[in-house]
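K.L.:
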Amino acid sequence: MTHDDGRTSADATTGDEKAAEGTRAADGRAPSRRSLIGWGGAGLALGAVAAGGTAAALRTGSDAQPAGADATTGAAITFHGAHQAGIASAVQDRLHFAAFDVTTDDRDELIALLKEWTKAAARMTAGDAVGDGAVGGLAEAPPDDTGEALGLPPSRLTLTFGVGPTLFEKDGKDRFGLKDRRPEALIDLPQFPGDNLDKTRSGGDLCIQACADDPQVAVHAIRNLARIGMGKIAIRWSQLGFGKTSSTTPDAQTPRNMLGFKDGTRNIAGTDTAALDKHVWVGEKDEKGKAGWMAGGSYLVARRIRMHIETWDRTSLKEQEDVFGRDKGEGAPVGRKNERDEPHLKSMLPTAHVRLAHPDTNGGIRILRRGYSFTDGTDGLGRLDAGLFFLAYQRDVREGFVPLQRRLAANDALNEYIQHVGSAVFAVPPGVRKADDWWGRQLFA
Amino acid sequence: MRALRSSAVAAVAAAAAVTAVAGCAAKNDGKGGGKGTVEVTATDSSCELSTKEFPAGHVRFAVQNKGSKVTEVYVYAPGDRIVTERENIGPGTSAEITAEVKAGAYEIACKPGMKGDGIRQKVTASGKAAGTAKRDPKLDAAVAAYREYVQEQADQTIPKAQKFADAVKSGDLDAAKKAYALSRVGWERTEPVAESFGDIDPKVDVRADGLEPGQKWTGWHKLEKSLWETKKISGDDKKLADQLMTDLKDWQKRVGKAEITPTSMANGAKELLDEVATGKVTGEEERYSHTDLIDFQGNVEGAEKAYELLKPVAAKNEPALAKELDKQFTAIHAQLDKHRDDKSADGFASYDTVSKSERKELSDGVNALAEPLSKLAAAVATGK
Chain Y
1 MTHDDGRTSA DATTGDEKAA EGTRAADGRA PSRRSLIGWG GAGLALGAVA
51 AGGTAAALRT GSDAQPAGAD ATTGAAITFH GAHQAGIASA VQDRLHFAAF
101 DVTTDDRDEL IALLKEWTKA AARMTAGDAV GDGAVGGLAE APPDDTGEAL
151 GLPPSRLTLT FGVGPTLFEK DGKDRFGLKD RRPEALIDLP QFPGDNLDKT
201 RSGGDLCIQA CADDPQVAVH AIRNLARIGM GKIAIRWSQL GFGKTSSTTP
251 DAQTPRNMLG FKDGTRNIAG TDTAALDKHV WVGEKDEKGK AGWMAGGSYL
301 VARRIRMHIE TWDRTSLKEQ EDVFGRDKGE GAPVGRKNER DEPHLKSMLP
351 TAHVRLAHPD TNGGIRILRR GYSFTDGTDG LGRLDAGLFF LAYQRDVREG
401 FVPLQRRLAA NDALNEYIQH VGSAVFAVPP GVRKADDWWG RQLFA
Chain X
1 MRALRSSAVA AVAAAAAVTA VAGCAAKNDG KGGGKGTVEV TATDSSCELS
51 TKEFPAGHVR FAVQNKGSKV TEVYVYAPGD RIVTERENIG PGTSAEITAE
101 VKAGAYEIAC KPGMKGDGIR QKVTASGKAA GTAKRDPKLD AAVAAYREYV
151 QEQADQTIPK AQKFADAVKS GDLDAAKKAY ALSRVGWERT EPVAESFGDI
201 DPKVDVRADG LEPGQKWTGW HKLEKSLWET KKISGDDKKL ADQLMTDLKD
251 WQKRVGKAEI TPTSMANGAK ELLDEVATGK VTGEEERYSH TDLIDFQGNV
301 EGAEKAYELL KPVAAKNEPA LAKELDKQFT AIHAQLDKHR DDKSADGFAS
351 YDTVSKSERK ELSDGVNALA EPLSKLAAAV ATGK
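Residue numbers (full-length UniProt numbering), protein chains in the order written: chain Y, 1 to 445; chain X, 1 to 384.
1) For Val135/Y, count the other beta carbons within 10 Å of its own beta carbon; 16 or more makes it buried, fewer makes it exposed. Which is it?
2) Which runs of the beta strand (DSSP E) at least 3 residues long sit entirely within the region 309 to 387 of chain Y? Give them in chain order.
3) Where do the N-terminal and C-terminal ends of the beta strand (DSSP E) with Lys244/Y fall, by residue?
4) Mind listing the chain Y neighbours of Pro372/X? Cutoff is C-beta to C-beta under 9 Å, in chain order.
5) Give every residue of the same chain whose Cβ lies closer than 7 Å to the Cβ of His339/X, excluding the five residues on either side of it in the sequence, and list them in chain order.
6) How is the alpha helix (DSSP H) around Pro262/X delimited, first residue to last?
7) Could you work out which residue in Thr41/X, Val75/X and Val83/X is closest to Ser68/X when comparing CA atoms only?
8) Does Thr103/Y come within less than 8 Å of chain X when only Cβ atoms are used?
9) Taking only the alpha-carbon atoms, compute the straight-line gap between Ala158/X and Ala176/X and give it to the nearest angstrom.
10) Going by DSSP, what residue range makes up the beta strand (DSSP E) through Pro429/Y?
11) Return the CA-CA distance between Ala322/X and Leu167/Y, expressed in angstroms with no decimal places.
12) Give the DSSP bridge partners of Thr160/Y, in chain order.
13) Based on the DSSP secondary-structure assignment, which residues constitute the bridge partners of Asp101/Y?
14) Along chain X, in chain order, which residues have C-beta atoms closer than 8 Å to that of Arg227/Y?
15) Are there three or more Cβ pairs, one per stretch, closer than 8 Å when the region 245 to 255 of chain X is compared with the region 273 to 281 of chain X?
16) Measure the CB-CB distance between Ala334/X and Glu140/Y and report whether it falls below 8 Å.
17) With a threshold of 8 Å between beta-carbons, can Pro142/Y be considered close to chain X, or not?
18) Determine the direct distance from the alpha carbon of Gly131/Y to that of Pro403/Y, and round the result to whole angstroms.
19) Compare the C-beta of Ala175/X against all C-beta atoms of chain Y and say whether one is closer than 8 Å.
20) Kindly identify the DSSP beta-bridge partner or partners of Tyr106/X.
21) Just list the beta strand (DSSP E) runs in the region 189 to 214 of chain X, keeping only unbroken ones of 3 residues or longer that don't cross its boundaries, in chain order.
22) So, with DSSP's three-state summary, where would you put Gln191/Y?
23) In the region 411 to 443 of chain Y, which residues sit with their C-beta less than 8 Å from some C-beta in chain X, listed in chain order?
24) Mapping the DSSP letters down to three states, classify Glu304/X as helix, strand or coil.
25) Look up Ala77/X in the DSSP assignment and give the residues it is bridged to.
26) Would you mind telling me which residues of chain Y sit closer than 7 Å to Asp364/X, beta carbon to beta carbon, in chain order?
27) How many angstroms separate the CA atom of Tyr106/X from the CA atom of Ser46/X?
28) Nearest chain Y C-beta to Ala368/X closer than 8 Å, yes or no?
29) Going by DSSP in three states, Thr51/X sits in which element: helix, strand or coil?
30) With a threshold of 8 Å between beta carbons, is Leu138/Y in contact with chain X?
31) Between Thr98/X and chain Y, is there a C-beta pair that is closer than 8 Å?
32) Under 8 Å Cβ-Cβ, which residues of chain Y neighbour Thr263/X?
33) How about the region 418 to 425 of chain Y and the region 363 to 383 of chain Y: do they share at least three Cβ pairs that are nearer than 8 Å?
34) Buried or exposed for Thr200/Y, please, with buried defined as at least 16 other CB atoms from any protein chain shown within 10 angstroms of its CB.
35) Run the proximity test for Ser423/Y: is its beta-carbon closer than 7 Å to any non-hydrogen atom belonging to the ligand ATP?
36) May I have the straight-line CA-CA distance separating Arg147/X from Gly268/X, to the nearest angstrom?
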């Protein structure tokens, strides 16, 4: 690390450094992860200007990184800020999400791990290796860093940390003296009709969401964090994702899900500060007393939604479009021309997915979706094990995902083609402010 | 079983600070009694040297066996690490051994009858670069003690293996099943050392999927399959039981001579946990008998032995690491204890009765121990 962690990416390198890196790249030699940060910095600087000045980026940290950041694939996303990166920041193309069980019962050991994790996360998101790196250390010892991201750019890696309900209390036991700090909004999700949850793909005491433009970078991050934590935590389950299914950048094309439809059109934009404050970030007064540590954080719901791909593929185009309430080509709502045209809900079937999920049907409820498609090969019956790994951030799960999913689970025509098979909920603390801050500090304070 | 892999112990030993390299004769100082030659005169009761101090570098050992027994001569670096050796020197014959010897203290041993520790003489190779000889004496003691442990395990295995072989040969299926897992304990405890020879492991511990094209399947697991899967002991199996004993006796004879260094001990301990992580925790190792847990226990015990011996140095260099290892060894033992079953022949539950979530717990426990254990070699290699 050569630059101060507290600085934004925009000024992470000097002009001279950038020029030097440029020369190196022009030599045709493979640029190192480190050297590419210079380019990332440059790209983000332009992005920040596009958003109305660097001041905005400084004010809210990583989450102010605007739509323009999409153009800077490979760059480094600022780790430190008021909110954690990986929520409102522009959605990357690849995901490795991991849920962990805490295996130690020693509070101090857990805190030490979170500090170590934070340090490693700050390094990896900047494009640096963990600890003393992957090579050049003692010949007799395994290297600190596993090495598969050597030579790769930072790839806009974001690492987002959350804590599950079981960290506070499990089997009636107050595990780390945190019971009275559990936020009321961190509920145990109710059973929804149609759920077929596999407990080995559900729950978790902690989670890390790793998003990056390059899957190798995301996998590297989870792998190294898991390794650092061995003996204190153990991976409970993890999910790889590709092809973001929604975007936090309204100007970008909405990506398609595995059913071939655009389904993230009405997502909250990462630049829409008002909507973020209203629907995503936990407010100062949301949680009373000892749960006040969540201010500036958010609540994450993760659902592994399996799609019955083969039966969907045998469904007529008309029915497919009726199920969603959109046309398949443009993504326009029923009776409209363009994707982003205001939908006319009443012209859709009462069971249409868009109609049921729309804020107008749900008293103005909005959640920030960040889901990914997944394909884990085939399932042993020859069926594609594929679907949507649904990730949604909200200010309060009780007012966000729960009522929305209740409505969908009861009525959605799409239910014939999907099944929720994994589920977890996490409280995602506010951002890591500066170099000596760490994930979960407010919780353990 | 890691038959297809080249010897990790030997590789690590070579990479670590081995003080001498054997077999480099090209730069010999000359024939017959030059500056770099040590005359070794061996009899049935003595081991005389022409000099006990010689310059470091390429040294030629000219051995004459004037005794009545076949002898062998070893040059040992501290910790009984073999610098060079020559076996089968017949009565009345001579042999030459050359080695590149760095400055430091060594021992030369003549072993009349090719048995035991031999008749030892302390010698010194003098020279400027004496640095490598200054190893922590505690580490030398650890290596010596570990060498003894390895030999002891092999010695104790032979009668247990014989009991198993005899049961197979008598066609007693039940007795053979009962003796099977117990015959493997000593092997499992010291597996990385056995593997360092390369040729023994593929004969005694190979699994069906580890066979090379054309390789005949011999050893424990072939018999395991007959006992539990085929449920019949064939004539060929009876021959294999004898073959197993021949191979194990070969192991017993050679295991004490393995090249062992503090780092190879530490890495061997980690490899034992790797064996657990890749073979036992999945149930692959004992796929017919499901006696994986006793192998698991053996691997952990062997790793713990190496660690306990290195601990005085490791705890001085890396106190936090030693603390963590103590904790994780205790934890893994507690986990294994949960699966004890007094009614089974080997004292553990059959692995096919261990549920998926219990296997996950065991796997997490192995990771928790193996990750810090992977740092042990560095902790003993770097003096602070």
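Cβ coordinates follow ideal geometry from the N, Cα and C atoms, glycine included.
P.N.:
This is what the structure holds:
1) The sequence position of residue 135/Y within the first sequence is 135, counting from 1. Per the 10 Å Cβ criterion, exposed.
2) 372 to 378
3) Here residue 244/Y is taken as the residue at index 244 of the first sequence, counted from 1. Here the beta strand (DSSP E) through Lys244/Y covers Ile233 to Lys244.
4) Here the question's residue 372/X lines up with position 372 in the second sequence. Within chain Y, the residues near Pro372/X are Met230 and Gly231.
5) As a first step, residue 339/X must be located in the second sequence, where it is residue number 339. The residues are Leu293, Phe348, Ala349 and Val354.
6) In the second sequence, residue 262/X corresponds to position 262, counting from 1. Pro262/X -> alpha helix (DSSP H) spans Pro262 to Glu275.
7) Locating residue 68/X in the second sequence gives position 68, counting from the first residue. Residue Thr41/X is the option with its Cα nearest to Ser68/X.
8) Working through the first sequence from its first residue, we reach residue 103/Y at position 103. Yes, because at least one Cβ of chain X sits closer than 8 Å to the Cβ of Thr103/Y.
9) Start at 1 with the first residue of the second sequence, and residue 158/X comes out as number 158. Start at 1 with the first residue of the second sequence, and residue 176/X comes out as number 176. Note that residue 158/X is Ile in the sequence shown, not Ala. Looking at the two C-alpha atoms, the distance is approximately 15 Å.
10) Here the question's residue 429/Y lines up with position 429 in the first sequence. Taken as a continuous stretch (DSSP letters only), Pro429/Y belongs to no beta strand (DSSP E), as it is neither H nor E.
11) The residue you call residue 322/X lines up with position 322 of the second sequence. The residue you call residue 167/Y lines up with position 167 of the first sequence. Each residue's Cα considered, the two are about 28 Å apart.
12) Along the first sequence, one-based indexing puts residue 160/Y at 160. DSSP, once it has assigned bridges, lists Gln209/Y as partnering Thr160/Y.
13) On the first sequence, residue 101/Y is found 101 positions in, with the first residue counted as 1. Its beta-bridge partners are Ala234/Y.
14) Residue numbering aside, residue 227/Y sits at position 227 when the first sequence is read from its first letter. Within chain X, the residues near Arg227/Y are Glu371.
15) no
16) Residue numbering aside, residue 334/X sits at position 334 when the second sequence is read from its first letter. Residue numbering aside, residue 140/Y sits at position 140 when the first sequence is read from its first letter. No. Outside cutoff.
17) Sequence index remark: in the first sequence, residue 142/Y carries index 142 (1-based). Answer yes: the Cβ-Cβ gap between Pro142/Y and chain X drops below 8 Å somewhere.
18) Here residue 403/Y is taken as the residue at index 403 of the first sequence, counted from 1. Here residue 131/Y is taken as the residue at index 131 of the first sequence, counted from 1. Near 44 Å, if we compare the C-alpha coordinates of Gly131/Y and Pro403/Y.
19) Locating residue 175/X in the second sequence gives position 175, where the first residue counts as 1. So no, Ala175/X is outside the interface.
20) On the second sequence, position 106 is the one that residue 106/X refers to. The partner list for Tyr106/X (beta bridge, DSSP) reads Val123/X.
21) none
22) Translated into the one-based positions of the first sequence, residue 191/Y becomes position 191. Gln191/Y: coil per DSSP, three-state reduction.
23) none
24) Here residue 304/X refers to the residue found at position 304 when the second sequence is read from its first residue. In the structure shown, Glu304/X sits in a helix (DSSP, three-state: H, G or I).
25) As a first step, residue 77/X is located in the second sequence; it is residue number 77 there, counting from the start. In DSSP, Ala77/X forms a bridge with Arg81/X.
26) In the second sequence, counting from the first residue as 1, residue 364/X sits at position 364. Within chain Y, the residues near Asp364/X are Thr103 and Ala234.
27) Start at 1 with the first residue of the second sequence, and residue 106/X comes out as number 106. Start at 1 with the first residue of the second sequence, and residue 46/X comes out as number 46. C-alpha separation (whole angstroms): 18 Å.
28) Position 368 of the second sequence, counted from the start, is the residue given in the question as residue 368/X. Yes, its Cβ sits closer than 8 Å to a Cβ of chain Y.
29) Counting from one through the second sequence, the residue named residue 51/X turns up at place 51. Coil, per DSSP.
30) Working through the first sequence from its first residue, we reach residue 138/Y at position 138. So, interface residue.
31) Position 98 of the second sequence, counted from the first residue, corresponds to residue 98/X. Not an interface residue.
32) Residue numbering aside, residue 263/X sits at position 263 when the second sequence is read from its first letter. For Thr263/X, the chain Y residues whose C-beta falls within less than 8 Å of its own C-beta are Glu140, listed in chain order.
33) no
34) Against the first sequence, residue 200/Y aligns to sequence position 200. Label assigned to Thr200/Y: exposed.
35) Questions concerning the ligand ATP fall outside what the structure shown contains, since it holds no ligand whatsoever.
36) Locating residue 147/X in the second sequence gives position 147, where the first residue counts as 1. Locating residue 268/X in the second sequence gives position 268, where the first residue counts as 1. Near 13 Å, if we compare the C-alpha coordinates of Gly268/X and Arg147/X.
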